[in-house]
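Peer 1: This is the structure I want to talk about, given as structure tokens.
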DNA sequence: CTGAAAGCGCTTACAG
DNA sequence: CTGAAAGCGCTTACAG
């Protein structure tokens, strides 16, 4: 690679010190009272030589990299990818660049990523934390490294976060089904300790209780991430072959829903006549399903933007504290139509 | 942020020079013949003080950042997100980190991104170039900055790339339709000069010619990215209302297909009875459509991995030259079943 | 108004 | 076997 032109090259070319060049190129000519003519000559030379500042050198000196580390579960999941895109745009708008990594819901991978990103001196983190990563968040907090959690958080770990009100979101989704006449409502979620998913179950249960329906624990199924497809299929089969089978099904995520819907399609079960469906999060698949799927829509733009804004605030002033539990919107479509 | 512990801190703690510490921590104790006992003491101190090397300082010194810049069209598009994930994994396996950016198919944005990433001293680029960005690739080449193109390339710009054989892929897709009895085959693509999309049209045309079908230019429609949804709808309407309407439709991308399928679903057109469909690229939506969609499957894993490997080769030795036109696979499903 | 110099945290020839 | 010193490309207090 051709050696890039440095401050020194410009300084030599013009015949001044690097200090002067630095002042001018950082628009400090006024404060430093650099001669107008001199400033012009320096700028001209910089232009001619096509000078590009070395951000690495700047960073070493300033201790700031204008880089944020983003850790999501899996960048190839549409939810993560959407959030990443919004974060990218908002970061860029503020002069920041983002380095990302996928934790695969694995605490060890997440820890590795944090360390890699720390070595690269990111100014702060936006993390969708995985299960059992509480200590990692605490570590960052203890070392006063700016971090904001997104989508998820740990009630036991005080930390800034931007998330949705998962309990409320699930409550509304299930209440909608109940209002439309469904009585045996199944739920498929992940087998996990993650709080946001627990909250979705809680919202489901609260809706059942508030409506005086039978609170039947066997209607809640937990699939393992590692064996998702098979377990979701099996669980749907179980829910449908109960002595009193379900008439509606609530999925706790888009990935669960997509897997479930494939199976339901193969079984040729009529939606919503035989089985009403409500999903969580967005995916194109909800639109293209034979019967458009009702789903809980997260305010992605607000989630992403707020996370970046909050992080930048924390980077500026590490005493900033803020948490948001944003509202979701239930997008009602045919898959949860009135029970006949 | 608490000041991190540096080499100097360890050196002071142990009572040696930073040089020694550097040697030991970089496992050069053998070459530099550092005393075994000394090495042990240094390692112990590094551990106790929880030393983390400052990658920025290393980079400034070495001129290497072990970072690769990835520029895709839009990280929130499933195709880009999938590639990004594969690149992330392969890069990590080699000790590299990736910084990404979305060009939105816009040459100006792409140029901005390149400059931001250059200032951050990425060791090389993997780029899915947007229209009219030839000069950017040339600029990188001229400055001997390692770059490999992915998914797309410019025939007029000699550059390393990893892509698929688009002409062949489209040819096979259309031949499959013809073999299954379809005769009036429409195609919807983007209005663009991008070579890989031109190639898909060429493959379509070649299949038509080779089969002695009527080569009717009005069967090829071009939608503009900026107004995709509306134009795709309108074009489908046109293709269906021709005096001799189409009996099959080939989409040049997943995004086009998803938009088109939504419309086809709304029109309640039977697939494949009234209209056979073949799509390009993957998306969950192909599986969940009422009738599973036949599609051209790209070898994503190989594309992503080869791109990273090639880039790392070029970084090591800038005389390396390589291009790959990988084969695709036509995944045949019900949407293109035999014409009745 | 301008320059010489120190320093950010590393690495690495060179000297002993 | 080990240390003093220069240097990567910047910024910035200090001196003049």
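Protein chains in written order, with the UniProt record's numbering: chain Z, 1 to 340; chain C, 1 to 340.
From the three backbone atoms N, C-alpha and C, an ideal C-beta is built for every residue, glycine too.
Taking only beta-carbon atoms, is residue 55 of chain Z less than 8 Å away from chain C?
Peer 2: Counting from 1 along the first chain, the entry for residue 55 of chain Z is found at position 55. Interface residue, yes.
Peer 1: Can you tell me where the alpha helix (DSSP H) holding residue 175 of chain C begins and where it ends?
Peer 2: Locating residue 175 of chain C in the second chain gives position 175, where the first residue counts as 1. Run containing residue 175 of chain C: 166 to 179, per the alpha helix (DSSP H) assignment.
Peer 1: Just the C-alpha distance for residue 1 of chain Z and residue 138 of chain Z, rounded to the nearest angstrom, thanks.
Peer 2: Counting from 1 along the first chain, the entry for residue 1 of chain Z is found at position 1. Counting from 1 along the first chain, the entry for residue 138 of chain Z is found at position 138. At residue 1 of chain Z the pLDDT is 45, less than 50, meaning the model places this residue with poor confidence and gives no usable figure here.
Peer 1: Out of C/170, C/209, C/215 and C/180, state which residue places its alpha-carbon closest to the alpha-carbon of residue 203 of chain C.
Peer 2: Position 203 of the second chain, counted from the first residue, corresponds to residue 203 of chain C. Measuring from the Cα of residue 203 of chain C, the nearest candidate turns out to be C/170.
Peer 1: Considering only residues of the region 236 to 268 of chain Z, which uninterrupted beta strand (DSSP E) runs meet the minimum length of 3 residues and lie entirely inside it, listed in chain order?
Peer 2: Taking only runs of at least 3 residues, the beta strand (DSSP E) segments lying wholly in the region 236 to 268 of chain Z are 248 to 251.
Peer 1: Please decide whether residue 139 of chain Z counts as near chain C, where near means a Cβ-Cβ distance under 8 Å.
Peer 2: Within the first chain, numbered from 1, the residue matching residue 139 of chain Z stands at position 139. No, residue 139 of chain Z lies away from the interface with chain C (no Cβ there is under 8 Å from its Cβ).
Peer 1: Spell out the partners DSSP gives residue 325 of chain Z in its beta bridges.
Peer 2: Residue 325 of chain Z sits at position 325 when you count from the first residue of the first chain. DSSP, once it has assigned bridges, lists Z/163 as partnering residue 325 of chain Z.
Peer 1: Checking 8 Å against the spacing of the C-beta atoms, do residue 86 of chain C and residue 304 of chain C come in under that value?
Peer 2: Your numbering for residue 86 of chain C matches position 86 in the second chain. Your numbering for residue 304 of chain C matches position 304 in the second chain. Yes, they are a contact pair.
Peer 1: Identify the continuous beta strand (DSSP E) that holds residue 295 of chain C and give its terminal residues.
Peer 2: One-based indexing of the second chain puts residue 295 of chain C at position 295. Start and end: 294 to 297.
Peer 1: Where does residue 69 of chain Z fall in DSSP's three states?
Peer 2: Taking the first chain and counting its residues from 1, the one referred to as residue 69 of chain Z is at position 69. Residue state, collapsed to three classes: strand.
Peer 1: Can you tell me which of Z/208, Z/190 and Z/147 puts its alpha carbon nearest to the alpha carbon of residue 172 of chain Z?
Peer 2: Counted from its first residue, the first chain places residue 172 of chain Z at position 172. Residue 172 of chain Z has its Cα closest to that of Z/208, out of Z/208, Z/190 and Z/147.
Peer 1: When you compare the region 149 to 164 of chain C with the region 173 to 180 of chain C, are there three or more beta-carbon pairs, one atom per stretch, that lie closer than 8 Å?
Peer 2: No: the two stretches stay apart, fewer than three of their Cβ pairs being nearer than 8 Å.
Peer 1: Return helix, strand or coil for residue 98 of chain C, following the three-state DSSP convention.
Peer 2: Against the second chain, residue 98 of chain C aligns to sequence position 98. Correct three-state label for residue 98 of chain C: strand.
Peer 1: For residue 130 of chain Z versus residue 88 of chain C, is the C-beta spacing smaller than 8 Å?
Peer 2: In the first chain, residue 130 of chain Z corresponds to position 130, counting from 1. In the second chain, residue 88 of chain C corresponds to position 88, counting from 1. No, the Cβ-Cβ distance between residue 130 of chain Z and residue 88 of chain C is not below 8 Å.
Peer 1: Taking one C-beta from the region 318 to 338 of chain Z and one from the region 215 to 229 of chain Z each time, how about it: are there three or more such pairs within less than 8 Å?
Peer 2: The region 318 to 338 of chain Z, when compared against the region 215 to 229 of chain Z, does not touch it at the 8 Å Cβ threshold.
Peer 1: Using a C-beta cutoff of 8 Å, does residue 78 of chain C count as contacting chain Z?
Peer 2: Along the second chain, read from residue 1 onward, the residue named residue 78 of chain C stands at position 78. True, the Cβ-Cβ gap to chain Z drops below 8 Å.
Peer 1: Of the choices Z/263, Z/213 and Z/93, whose alpha-carbon is the least far from that of residue 235 of chain Z?
Peer 2: In the first chain, residue 235 of chain Z corresponds to position 235, counting from 1. Per the Cα distances, Z/263.
Peer 1: Mind checking which residues open and close the alpha helix (DSSP H) that includes residue 154 of chain Z?
Peer 2: The sequence position of residue 154 of chain Z within the first chain is 154, counting from 1. Note, residue 154 of chain Z: premise wrong, no alpha helix (DSSP H); not H, not E.
Peer 1: Would you say residue 60 of chain Z faces chain C, with C-beta separation under 8 Å as the test?
Peer 2: Residue 60 of chain Z sits at position 60 when you count from the first residue of the first chain. True, the Cβ-Cβ gap to chain C drops below 8 Å.
Peer 1: Could you check whether residue 221 of chain Z and residue 186 of chain Z sit closer than 8 Å to each other, using their CB atoms as the reference points?
Peer 2: Against the first chain, residue 186 of chain Z aligns to sequence position 186. Against the first chain, residue 221 of chain Z aligns to sequence position 221. Result yes, Cβ atoms of residue 186 of chain Z and residue 221 of chain Z sit closer than 8 Å.
Peer 1: Specify, as a first and last residue, the run of the alpha helix (DSSP H) that residue 203 of chain C falls within.
Peer 2: Start at 1 with the first residue of the second chain, and residue 203 of chain C comes out as number 203. Run containing residue 203 of chain C: 195 to 210, per the alpha helix (DSSP H) assignment.
Peer 1: Checking contacts by CB at 8 Å: is residue 102 of chain C closer than that to chain Z?
Peer 2: Walking along the second chain from the start, residue 102 of chain C turns up at place 102. Judged by the 8 Å Cβ criterion, residue 102 of chain C is in contact with chain Z.
Peer 1: Can you tell me which of the three DSSP states residue 18 of chain C falls into?
Peer 2: Here residue 18 of chain C refers to the residue found at position 18 when the second chain is read from its first residue. Residue 18 of chain C falls in the helix class under three-state DSSP.
Peer 1: Any residues in the region 323 to 337 of chain C with a beta carbon nearer than 9 Å to a beta carbon of chain Z? Which ones, in chain order?
Peer 2: Here the close residues number zero.
Peer 1: Applying the criterion that 16 or more other CB atoms from any shown protein chain within 10 Å of the CB defines a buried residue, is residue 28 of chain Z buried or exposed?
Peer 2: Locating residue 28 of chain Z in the first chain gives position 28, counting from the first residue. So residue 28 of chain Z counts as exposed.
Peer 1: Do the region 60 to 72 of chain C and the region 90 to 107 of chain C make contact, defined as three or more Cβ pairs closer than 8 Å?
Peer 2: At 8 Å Cβ cutoff, the stretches touch.
Peer 1: For a quick check, are the C-beta atoms of residue 283 of chain Z and residue 331 of chain Z less than 8 Å apart?
Peer 2: Here residue 283 of chain Z refers to the residue found at position 283 of the first chain. Here residue 331 of chain Z refers to the residue found at position 331 of the first chain. For residue 283 of chain Z and residue 331 of chain Z, no; Cβs fall outside 8 Å.
Peer 1: So, under 8 Å CB-CB, residue 5 of chain C and residue 51 of chain C are touching, yes? Tell me the CB distance rounded to an integer number of Å.
Peer 2: Taking the first residue of the second chain as 1, we reach residue 5 of chain C at position 5. Taking the first residue of the second chain as 1, we reach residue 51 of chain C at position 51. So it is a contact: roughly 5 Å between Cβ atoms.
Peer 1: Would you mind telling me which residues of chain C sit closer than 8 Å to residue 82 of chain Z, beta carbon to beta carbon, in chain order?
Peer 2: Position 82 of the first chain, counted from the first residue, corresponds to residue 82 of chain Z. Simply 76.
Peer 1: Counting only beta-carbon atoms, is residue 46 of chain Z nearer than 8 Å to chain C?
Peer 2: The count along the first chain starts at 1 and reaches residue 46 of chain Z at position 46. No, because no Cβ of chain C sits closer than 8 Å to the Cβ of residue 46 of chain Z.
Peer 1: Would you list, in chain order, the members of the region 240 to 267 of chain C that have their beta-carbon closer than 7 Å to a beta-carbon of chain Z?
Peer 2: So the close ones are 258, 261, 262 and 265.
Peer 1: Which residue wins for smallest C-alpha separation from residue 72 of chain Z, given the options Z/104, Z/58 and Z/92?
Peer 2: The sequence position of residue 72 of chain Z within the first chain is 72, counting from 1. Nearest of Z/104, Z/58 and Z/92 to residue 72 of chain Z, Cα basis: Z/104.
Peer 1: Identify each residue in the region 276 to 298 of chain Z for which the Cβ-Cβ distance to at least one residue of chain C is less than 8 Å, and report them in chain order.
Peer 2: Of all residues in the region 276 to 298 of chain Z, 283, 284, 285, 287, 288, 289 and 290 have a Cβ within less than 8 Å of some Cβ in chain C.
Peer 1: Is residue 251 of chain Z closer than 8 Å to residue 188 of chain Z when the C-beta atoms are compared?
Peer 2: Within the first chain, residue 188 of chain Z is the residue found at index 188, counting from 1. Within the first chain, residue 251 of chain Z is the residue found at index 251, counting from 1. In contact: residue 188 of chain Z and residue 251 of chain Z (Cβ atoms closer than 8 Å).
Peer 1: Using 10 angstroms around the beta-carbon of residue 40 of chain C, count the other beta-carbons present and answer buried if the total reaches 16, otherwise exposed.
Peer 2: The sequence position of residue 40 of chain C within the second chain is 40, counting from 1. By the neighbour-count rule (16 or more Cβ atoms within 10 Å), residue 40 of chain C is not buried but exposed.
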